[in-house]
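A.B. asks: Pasting a structure here, questions to come.
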Amino acid sequence: MSDEKRGSETFDSEKFLRRLERERRLKEIEQSFQNIAEEAQKKQDDIYSNVFTEKGQEETLASHGSIESNNNFQASQNTTDNTQNGIFSRMTDMISPSRQKLVQNQSIEMSPTGVSSFPGMEPVGGAKRGKNAFWNNDGPGIAARMSNARVQNTIIHSFFSVRANSKKIIIGLLAFCFIILLSVTLANVKKSPHADVLSESGWRKLEEIKSTLVDKGVNRKKLDDKTSSHFDAIVWLSQEATEYSQTFVNDRRLLVERFTLLVFYYSTRTAADPWKNEANWLTKGVSICLWRGIDCERLESDDEDTIEVVVHIDLSSNNLSGTISDEISKLSSLKTLRLSDNRLEGNVPASLGELKHLETFEVGENRLSGQMPSSVCDLKEFRLTDIITDCAGFSCSCCNECG
């Protein structure tokens with residue numbers, strides 16, 4: 000019985016030793032496999048870093064030394080083509096299956112700098128964009144740079160940052176545009192010789208006057224232009240309306256005629272070159288019929304009261320300069336317009352053809368150009384009998400004489 004026990008113990012001991020040996024060998028095999036896997040992983044990471052990351056590209060460039068020119072690259076390209084398939088095969092064998100899928104259907108092309116580039120995206124060549132240019136002919140191709148994970152993360156982060164802050168960006172742009180618009184508006188207002196003295200009630204009165212004039216056919220754009228003679232005229236009227244309880248702006252006809260003469264005044268004189276005689280012009284509270292060179296006649300108004308309207312203008316030899324304003328056509332009762340012997344320039348407005356009561360029109364000895372509008376010549380079928388214009392530089396087929 001003792002021999003049987005000893006035999007059984009010997010058998011168990013040998014079995015245990017064999018199991019330990021088997022376990023030891025399995026551990027050695029496992030450790031060897033793990034070492035091989037770690038080495039393969041390290042080679043895979045090195046290859047991926049060298050080919051697809053910016054740091055690896057820089058190291059590759061440094062190891063190669065100076066870069067050959069594009070012409071030398073083209074000359075050696077035939078030799079390189081023979082080795083590309085081998086390089087590609089060895090590289091794909093050494094990287095993981097997941098990354099093999101990314102490159103298994105691709106072919107690698109070598110850029111002039113020796114850095115891999117994807118097909119269909121040629122390396123950037125030629126001109127440099129500056130010292131810190133993103134793309135130039137001395138660095139990696141565009142595809143290699145765009146494959147950089149850091150570049151991709153930056154692009155994606157920037158895109159979603161813009162989307163997340165789009166409302167703030169839009170509000171900021173609108174605020175910027177509003178500030179610019181406000182600055183320009185204020186600058187234009189300051190250019191008017193009278194805009195800086197308007198009170199709050201004056202601005203309200205200005206809007207009322209502007210609305211009335213627009214209803215009477217005056218161009219709104221000219222009224223809104225802070226640098227125009229039209230704007231200067233309505234500013235002056237607004238001042239007058241706020242300073243005097245008895246104004247000349249309550250009757251629409253009187254308002255339009257007063258406005259018309261103010262526009263003509265601001266269009267034909269400057270502070271540095273004033274008229275010779277401008278008595279009572281721009282005198283607040285004084286009827287336009289008392290302004291120098293203006294004559295009026297009484298006429299029934301819309302409310303059956305009699306008003307004085309402009310029928311004669313004679314401002315000859317009065318040092319007028321600038322141009323004849325279109326607004327003169329608003330003086331519907333005008334019979335005489337004498338502006339000879341001044342320094343007026345430009346064309347005769349075709350709108351003067353609306354003056355159906357005009358009998359005399361004299362603009363000789365000025366610096367007018369172009370020709371007399373047919374609309375003015377047509378007035379000879381009504382009451383116009385005398386037309387005198389410049390002789391030089393001006394054409395008129397219906398004029399009586401030139402002066």
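Terminal number for the sequence shown in numbering that gives the first Met the number 0: 402, no gaps in between. Glycine included, each C-beta is placed from N, C-alpha and C at the ideal position.
Just confirm the distance between the C-beta atoms of I312 and G284, as a whole number of angstroms; I'd bet it's less than 8 Å.
C.D. replies: Going by Cβ atoms, the distance from I312 to G284 rounds to 21 Å, so no, they are not a contact pair.
A.B. asks: Alpha helix (DSSP H) containing F263: first to last residue?
C.D. replies: Looking at the DSSP string, the run of the alpha helix (DSSP H) that includes F263 is 251-266.
A.B. asks: Can you find at least 3 beta carbon pairs, one from the region 250-263 and one from the region 363-372, that sit closer than 8 Å?
C.D. replies: Not touching, per the Cβ criterion.
A.B. asks: Candidates E299, S331, D325: which alpha carbon is nearest V309's?
C.D. replies: Cα-wise, what sits closest to V309 is S331.
A.B. asks: Please list the terminal residues of the continuous alpha helix (DSSP H) segment that includes R342.
C.D. replies: No alpha helix (DSSP H) holds R342; the beta strand (DSSP E) holding it covers 342-345.
A.B. asks: Leaving out five residues before and five after E412 in sequence, what residues of the same chain have Cβ atoms less than 6 Å from its Cβ?
C.D. replies: Since the first and last residues shown for the chain are 0 and 402, residue 412 lies out of range.
A.B. asks: Roughly how many angstroms lie between the CA atoms of D325 and A349, to the nearest whole one?
C.D. replies: Using only the alpha carbons, I get a separation of about 8 Å.
A.B. asks: Can you tell me where the beta strand (DSSP E) holding T384 begins and where it ends?
C.D. replies: Counting along the chain, T384 falls outside any beta strand (DSSP E), and DSSP gives it neither H nor E.
A.B. asks: Between S75 and the rest of its own chain, which residues show a CB-CB distance below 7 Å, the 5 nearest in sequence each way excluded?
C.D. replies: The predicted position of S75 is uncertain, since its pLDDT is 49 and thus under 50; no value can be drawn from it.
A.B. asks: Have a look at L333, E344, E296 and flag the residue whose alpha-carbon is nearest the alpha-carbon of L319.
C.D. replies: Of the listed residues, the one whose Cα sits closest to L319 is E344.
A.B. asks: Can you tell me where the beta strand (DSSP E) holding D294 begins and where it ends?
C.D. replies: 293-299 is the extent of the beta strand (DSSP E) around D294.
A.B. asks: Give the DSSP-derived three-state secondary structure of C376 in the structure shown.
C.D. replies: The answer is helix: DSSP assigns C376 an H, G or I state.
A.B. asks: V262 and K215: beta carbons closer than 8 Å?
C.D. replies: In this structure, K215 does not lie closer than 8 Å to V262 by Cβ.
A.B. asks: To which residues does DSSP link L410 through a beta bridge?
C.D. replies: Residue 410 lies beyond the range of the chain shown here (0 to 402); nothing can be said about it.
A.B. asks: When DSSP labels each residue in this structure, what does G352 get in the three-state scheme?
C.D. replies: Three-state DSSP puts G352 in a helix.
A.B. asks: What is the DSSP secondary structure of C395, reduced to helix, strand or coil?
C.D. replies: Three-state result, C395: coil.
A.B. asks: Throw me the rounded Cβ distance for the L289 and V234 pair, which I believe falls under 8 Å.
C.D. replies: Actually they do not touch by this definition, with Cβ atoms about 22 Å apart.
A.B. asks: Which word fits D272, buried or exposed, when buried means at least 16 other C-beta atoms lie within 10 angstroms of its C-beta?
C.D. replies: With fewer than 16 Cβ atoms within 10 Å of its Cβ, D272 is classed as exposed.
A.B. asks: Going by DSSP, which residues form a beta bridge with S320?
C.D. replies: Answer by DSSP bridge pairing, in chain order: R342.
A.B. asks: Tell me which same chain residues have a C-beta within less than 7 Å of the C-beta of N276, skipping the five on either side of it?
C.D. replies: Excluding sequence neighbours, N276 sits near R291, N317.
A.B. asks: Going by DSSP, which residues form a beta bridge with C401?
C.D. replies: In DSSP, C401 forms a bridge with T388.
A.B. asks: One question on the structure: do L222 and L212 come within less than 8 Å of each other, judged by their Cβ atoms?
C.D. replies: Yes, the pair counts as a contact, with Cβ atoms nearer than the cut-off.
A.B. asks: Going by C-alpha to C-alpha distance, which of G392, K166, E307, A174 sits closest to V347?
C.D. replies: If we check each option's Cα against that of V347, G392 comes out closest.
A.B. asks: Measuring CB to CB, does L357 end up less than 8 Å from L333?
C.D. replies: Their beta carbons are under 8 Å apart, which means L357 touches L333 by this criterion.
A.B. asks: Would you give the residue range spanned by the alpha helix (DSSP H) that A240 belongs to?
C.D. replies: Note, A240: alpha helix (DSSP H), 228-242.
A.B. asks: Quick one: using the 10 Å Cβ neighbour count with 16 as the cut-off for buried, is S95 buried or exposed?
C.D. replies: Low confidence applies here, because S95 scores a pLDDT of 49, under 50, leaving its location unreliable and the question unanswered by this model.
A.B. asks: Helix, strand or coil for T282? Go by DSSP, reduced to three states.
C.D. replies: Looking at T282 - three-state DSSP - the assignment turns out to be coil, as it is neither helix nor strand.
A.B. asks: Under the three-state reduction of DSSP, which class applies to L367: helix, strand or coil?
C.D. replies: Reduced to three states, the DSSP call for L367 is strand.
A.B. asks: Once DSSP output is grouped into helix, strand and coil, what is the label at R128?
C.D. replies: In this predicted model, R128 has a pLDDT of only 46, less than 50, meaning its place in the structure is not dependable; the value taken from the coordinates is given anyway. Residue state, collapsed to three classes: coil.
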